[in-house]
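The sequence shown begins at 1 in the working numbering and counts up by one. Glycine is no exception: its CB is placed at the ideal position from the N, C-alpha and C atoms. None of the values given here were measured: they were computed from a predicted structure. In what follows, a single structure is set out as structure tokens and then discussed.
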Amino acid sequence: MDMVSKAERNRERRGQKIALIGESGVGKTTQLFSLPPKKTLFIDLEAGDLAVDEWEGVCVRPRTWEECTDLAVLVGGINPALEKAKVPYCKKHYDHCIKKYPELHKKIADLEYLFVDSLTHTGRLSFQETSNTPEGIKDARKAYGAHGQNMIRWLTQLQQTRHMHVIFLSILNKKVDDNGSTYYDMQIEGSKTGEELPGIVDELITMTIMDAHTPNPYRAFVCKKLNRWGYPAKDRAGKLEELEPPNLGALIEKLKKPRSQKLFDTLNFDLPAPAAIAEGSEDTPPGKGEVS
Numbered sequence: 001m002d003m004v005s006k007a008e009r010n011r012e013r014r015g016q017k018i019a020l021i022g023e024s025g026v027g028k029t030t031q032l033f034s035l036p037p038k039k040t041l042f043i044d045l046e047a048g049d050l051a052v053d054e055w056e057g058v059c060v061r062p063r064t065w066e067e068c069t070d071l072a073v074l075v076g077g078i079n080p081a082l083e084k085a086k087v088p089y090c091k092k093h094y095d096h097c098i099k100k101y102p103e104l105h106k107k108i109a110d111l112e113y114l115f116v117d118s119l120t121h122t123g124r125l126s127f128q129e130t131s132n133t134p135e136g137i138k139d140a141r142k143a144y145g146a147h148g149q150n151m152i153r154w155l156t157q158l159q160q161t162r163h164m165h166v167i168f169l170s171i172l173n174k175k176v177d178d179n180g181s182t183y184y185d186m187q188i189e190g191s192k193t194g195e196e197l198p199g200i201v202d203e204l205i206t207m208t209i210m211d212a213h214t215p216n217p218y219r220a221f222v223c224k225k226l227n228r229w230g231y232p233a234k235d236r237a238g239k240l241e242e243l244e245p246p247n248l249g250a251l252i253e254k255l256k257k258p259r260s261q262k263l264f265d266t267l268n269f270d271l272p273a274p275a276a277i278a279e280g281s282e283d284t285p286p287g288k289g290e291v292s
């Protein structure tokens, strides 16, 4: 275990790990056009490439959970903690996949972007795998438990690909609880993946339509956890605004640039004025397209 200096860290190629979430049809997959096709691998899990049939890059289409793990070990390499084990992401698994997919292995070495569409369908493949085991057939709780572990290991394997930008897409559902309050939930089988995903990725971005019920609706990325609409969001880098233009390639380029101010200085510790607190208490729960 080596010590790494600031200068050494700054010289490293560091890719962003981004979860881009939003309602179905908002345009998440179309963001593929904002990425350089020769440096991007499109992971088409949903057979949803109709929206990007004119995109000039290459794609792969995993059909099983085994193929998903094969792809992850080719991208992320050997997991040192599992090097001598006989499980996914071990040395034996990696060596097997290099022989099984020689052209894909060679292609991945030249890539900078991995575009995964989507976690929603990846979760379905994982759960199909675990629910058809003898233990899963007998007990659905064991199937969900194994599925949750599968997904976290898979995400962590891709997270460790330090040099590559990895973008995970997921459908976002808008729901109303028993008290009439609006909340948002990622459409991923089971609860574990959606709960832990914000801690795994660097940036959690909600793509949505603002002013949806007005003559001038527009799409935008919601990027800050403290946003006025209550959308899921996170900006670990501290380089983004509350709203950013819906251009994934431009957003990644912005994340590569130095901060305009120190990260700690971006945290807001100021308490709101009493009038603002009173005014905020009368607000209705934020909904799609509501802008104050």
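Buried versus exposed call for residue i [16 or more other C-beta atoms within 10 Å across all chains shown]
i	result
Pro274	exposed
Ile21	buried
Met3	exposed
Glu8	exposed
Ala140	exposed
Phe221	buried
Pro36	exposed
Glu282	Its pLDDT being 48, under 50, Glu282 is placed unreliably by the model, and the measurement read from it follows with that caveat. When all chains shown are included, Glu282 counts as exposed.
Ser292	For Ser292, the predicted model reports a pLDDT of 39, less than 50, meaning its position is unreliable; a value from the coordinates is still stated below. Counting Cβ neighbours within 10 Å, Ser292 comes out exposed, since fewer than 16 surround it.
Thr206	buried
Ala212	exposed
Leu267	exposed
Ala47	exposed
Tyr143	The amino acid at residue 143 is misidentified as Tyr; the sequence shows Ala. Counting Cβ neighbours within 10 Å, Ala143 comes out buried, since at least 16 surround it.
Leu82	buried
Pro246	buried
Thr284	Reliability fails at Thr284, whose pLDDT of 48 lies under 50, so the model's placement of it is uncertain and no value is given.
Distance, residue j Cα to residue i Cα
i	j	result
Gly76	Phe42	16 angstroms
Val300	Thr40	Coverage of the chain is limited to positions 1 through 292, which leaves residue 300 absent and any answer about it impossible.
Ser5	Lys17	22 angstroms
Asp110	Arg61	19 angstroms
Gly123	Gly230	25 angstroms
Phe33	Asp95	33 angstroms
Ser260	Glu241	12 angstroms
Arg228	Lys84	49 angstroms
Val176	Tyr183	6 angstroms
Glu12	Asn150	29 angstroms
Tyr101	Ser181	49 angstroms
Lys174	Glu195	16 angstroms
Asn10	Leu263	16 angstroms
Thr130	Leu45	18 angstroms
Leu104	Glu135	34 angstroms
Trp154	Pro215	43 angstroms
Pro217	Asp49	25 angstroms
8 angstroms Cβ shell around residue i - same chain, five flanking residues per side excluded
i	result
Lys107	Leu41 and Val58
Leu114	Thr40, Leu41, Ile43, Val75, Leu158, Thr161, Met164, His165, Val166 and Ile167
Gln128	Trp65
Test item: CB-CB of residue i and residue j under 8 angstroms
i	j	result
Ser126	Trp65	yes
Ala237	Glu203	yes
Gln31	Thr120	no
Ile137	Val26	no
Ala51	Thr29	yes
Ile152	Ser24	no
Cys97	Val73	yes
Lys99	Lys92	no
Sequence-distant residues of its chain with Cβ nearer than 7 angstroms to residue i (five each side left out)
i	result
Gly148	Gly190, Lys192 and Thr193
Glu253	none
Lys234	Pro198, Glu203, Leu204 and Lys225
Thr156	Ile200
Glu56	Pro37
Asp270	none
Close Cβ partners of residue i (< 6 angstroms) along its chain, the five nearest in sequence each way excluded
i	result
Leu255	Gln16, Ala237 and Lys239
Glu290	Residue confidence for Glu290 is low, a pLDDT of 47 falling below 50, so the modelled location carries little weight; the figure read from the coordinates is stated next. Contacts found: none.
Asn79	Tyr89
Leu243	Ala220
Cys223	Ile205, Ala233, Asp235, Leu240 and Glu244
Leu248	Gln31 and Ser34
8 angstroms Cβ cutoff, residue i in contact with chain D
i	result
Leu45	The structure shown has no chain D; it contains just one protein chain.
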